[in-house]
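**Student:**
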Amino acid sequence: MKKIILSAVLAAGLAGRLGAASAEDSKIFTPFFDMTLTEAGYLPSEGNIFSGGNINTSVGLLAKASQKDHFFGLYNFNYAGPGFAPQDSKQFTDRSMTHGFNIEYRRTLGEKFRIRPGVSLATDYSRTGANEAWKNGLYNMTSAGLQLAGDYTFDFEKNGIVSLTYIAKTVKFPNYTDLLKEFENPANVAGVNGGLQDQYLKQVSLRPNWNNFFGGFTYTLQDYKNQKVVANTGVYGGTKQKDKTTALDFGFHQKLWIFELFPTVAYTMHRSNQNYMRYKSMGAVATNLNDGASPVTFVAKNYDYNELTFSVPLDLNVTSKWAIGGAINVISRKYTDRPKRDANNNYLSAKQKNLMTTLTGSIRKRMNDVAMVRLFYSLVVASSNTEFEQYMPYNYTGNSFGIAYQLSY
Numbered sequence: 016m017k018k019i020i021l022s023a024v025l026a027a028g029l030a031g032r033l034g035a036a037s038a039e040d041s042k043i044f045t046p047f048f049d050m051t052l053t054e055a056g057y058l059p060s061e062g063n064i065f066s067g068g069n070i071n072t073s074v075g076l077l078a079k080a081s082q083k084d085h086f087f088g089l090y091n092f093n094y095a096g097p098g099f100a101p102q103d104s105k106q107f108t109d110r111s112m113t114h115g116f117n118i119e120y121r122r123t124l125g126e127k128f129r130i131r132p133g134v135s136l137a138t139d140y141s142r143t144g145a146n147e148a149w150k151n152g153l154y155n156m157t158s159a160g161l162q163l164a165g166d167y168t169f170d171f172e173k174n175g176i177v178s179l180t181y182i183a184k185t186v187k188f189p190n191y192t193d194l195l196k197e198f199e200n201p202a203n204v205a206g207v208n209g210g211l212q213d214q215y216l217k218q219v220s221l222r223p224n225w226n227n228f229f230g231g232f233t234y235t236l237q238d239y240k241n242q243k244v245v246a247n248t249g250v251y252g253g254t255k256q257k258d259k260t261t262a263l264d265f266g267f268h269q270k271l272w273i274f275e276l277f278p279t280v281a282y283t284m285h286r287s288n289q290n291y292m293r294y295k296s297m298g299a300v301a302t303n304l305n306d307g308a309s310p311v312t313f314v315a316k317n318y319d320y321n322e323l324t325f326s327v328p329l330d331l332n333v334t335s336k337w338a339i340g341g342a343i344n345v346i347s348r349k350y351t352d353r354p355k356r357d358a359n360n361n362y363l364s365a366k367q368k369n370l371m372t373t374l375t376g377s378i379r380k381r382m383n384d385v386a387m388v389r390l391f392y393s394l395v396v397a398s399s400n401t402e403f404e405q406y407m408p409y410n411y412t413g414n415s416f417g418i419a420y421q422l423s424y
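In our numbering, each residue carries its 1-based index in the sequence shown increased by 15.
#1: Skipping 5 residues on each side, what residues in its chain have a beta carbon closer than 6 angstroms to that of residue 65?
#2: Quick check: the Cα distance between residue 36 and residue 61, rounded to an integer number of angstroms?
#3: Quick one: what does DSSP say residue 226 is sitting in, helix, strand or coil?
#4: Find out if the Cβ-Cβ distance for the pair residue 263, residue 221 is shorter than 8 angstroms.
#5: Compare the Cα-Cα distances from residue 168 to each of 224, 161, 193, 268 and report the closest residue.
#6: Sort out for me which residues DSSP pairs residue 119 with in a bridge.
#7: If you draw a straight line from the alpha carbon of residue 108 to that of residue 69, how long is it in whole angstroms?
#8: Where residue 391 and residue 421 are concerned, what is the direct C-alpha to C-alpha distance, given to the nearest angstrom?
#9: Secondary structure at residue 150, three-state DSSP: helix, strand or coil?
#10: Go to residue 70, then tell me how far its beta strand (DSSP E) extends in each direction, as first and last residue.
#11: Quick check on residue 39: buried or exposed, where buried means 16 or more other Cβ atoms within 10 Å of its Cβ?
#12: I'd like to confirm the pairing. Which residues does DSSP put opposite residue 184 in its beta bridges?
#13: Can you tell me whether residue 329 is helix, strand or coil according to DSSP?
#14: Given that a residue counts as buried once 16 or more other Cβ atoms are within 10 Å of its Cβ, and exposed if not, what is residue 371?
#15: Take residue 282 as the anchor and find which of 173, 379, 233 has the nearest alpha-carbon.
#16: So, do the segment 343–350 and the segment 310–321 have three or more beta carbon pairs nearer to each other than 8 angstroms?
#17: Using a Cβ-Cβ cutoff of less than 6 angstroms, which residues in the same chain neighbour residue 72 once the five nearest sequence positions on both sides are dropped?
#18: Is residue 288 near residue 254, with beta carbons less than 8 angstroms apart?
#19: Bridge partners for residue 385 per DSSP, in chain order?
#20: If you follow the beta strand (DSSP E) that residue 60 is in, where does it begin and where does it stop?
#21: Between the alpha carbons of residue 100 and residue 327, how many angstroms are there, rounded?
#22: Taking only three categories from DSSP, how would you classify residue 210?
#23: I'd like the list of long-range same chain contacts for residue 273, defined as Cβ closer than 8 angstroms, with 5 residues on each side in sequence excluded.
#24: How far does the beta strand (DSSP E) with residue 337 in it reach, from first residue to last?
#25: Ignore the nearest five residues each way along the sequence and tell me which others in residue 418's own chain have a CB closer than 8 angstroms to its CB.
#26: Cα separation between residue 409 and residue 385?
#27: Which residue marks the beginning of the beta strand (DSSP E) containing residue 416, and which one marks its end?
#28: Can you tell me which of the three DSSP states residue 316 falls into?
#29: Note down, in chain order, each residue of its chain lying with its Cβ closer than 6 angstroms to the Cβ of residue 424, except the 5 sequence neighbours on either side.
#30: What does the Cβ neighbour count give for residue 373, buried or exposed, with the cut at 16 atoms within 10 Å?
#31: Could you check if residue 135 is buried or exposed, using at least 16 other CB atoms within 10 Å of its CB as the buried criterion?
#32: Does residue 170 pass the burial test, meaning 16 or more other C-beta atoms within 10 Å, or should it be called exposed?
#33: Tell me, please, whether the CB atom of residue 320 is closer than 8 angstroms to any CB atom in chain B?
#34: For residue 94, name the three-state secondary structure that DSSP assigns.
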């Protein structure tokens, strides 16, 4: 579900930043293009060496209809190949591909106000196996929604803008199936699985931007159409699942002498009424639901967590073309109610905590005003107090070497 929330935030934020007032006033058509290509090799502490690539491309066009009226269209393509990932997110070999479309109508009201109603469409494909077809991904997703945004400009010289955005989307997972429901009712697989992950997503965000400082508050509500909450009896009850996510973030991009800084920090609070029933083996029977060693254990509020993320990239500009870079990225997630597990899949009293730290060193060459290439090496250290890793890696270290090419204008 994190991908759904992030895609909505990024689409709204990118659409809001593109097309500054100076560009809107001076040209009939203003194009936008940003593409980053990355290819890397990965060496995990356990398992085989593998390679993976990433592509992130945004293509936009701002059209001026009159002095006060503009239209903006944006297409985004993202491919995320195999790579190291935070715990509880995905396997190293997972792949995803996203196509997103956003269209906005922009109307200027006076000198400082602007409204931006719009529509958005997105299709997301996922692959968890090398032989799996893109169209058959379990978590393939389609979404369609509306946006209403308003901008207030308080400082024209330093691009001081405050944006308030409301997004409403319908999200569908056409291939999703629930093994528990199939086990309960094998004769009616289609009936028990139809639209279980389909949901209505609503999001409101307030984002200020001034002199290359930015930040914001985002609140997201996901109402599931059909997915019910697991009860402590091991079956689904009558209450539908509802997730709430509150996020705060802050960052800036500044140049100080020969140094270029781009630090960001974000804090996320995710809450869900969905519970979890752990079965240690097929046909396991509950003996004591409050005993972590029981074959069957019920965990209420299993998916609630607080997460702190911060990133500090730094480039030392040796010449006008060459730079030496370094970065640290930290993701710390603490579950509020989910107990940690030992190596034998027994629950313990302490709550689960995950930590992933990435240290990166790089050499960057700016080819011209719009293109640059970067060679990099990264060391990843992932740790967790959960030791059971049969389905998902929790404790590992990894080395990666790669090259990235960026083209932006």
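All C-beta atoms, glycine included, are put in the ideal place defined by N, C-alpha and C.
**Tutor:** Quick look at the numbers:
#1: 57, 97
#2: For residue 36, the pLDDT reaches just 41, beneath the cut-off of 50, and the residue's location in the model is therefore unreliable, leaving the point undetermined.
#3: coil
#4: no
#5: 224
#6: 87, 133
#7: 13 angstroms
#8: 14 angstroms
#9: helix
#10: 65–79
#11: Its pLDDT being 48, under 50, residue 39 is placed unreliably by the model, and the measurement read from it follows with that caveat. That one is buried.
#12: 160, 216
#13: strand
#14: buried
#15: 233
#16: yes
#17: 50, 92
#18: yes
#19: None; residue 385 has no bridge partner.
#20: That residue, residue 60, is in no beta strand (DSSP E); it is neither H nor E in DSSP.
#21: 18 angstroms
#22: coil
#23: 331, 332, 333
#24: 337–356
#25: 53, 54, 55, 388, 389, 390, 391
#26: 39 angstroms
#27: 411–423
#28: coil
#29: 48, 385
#30: buried
#31: buried
#32: exposed
#33: Among the protein chains of the structure shown there is no chain B, as only one such chain exists.
#34: strand
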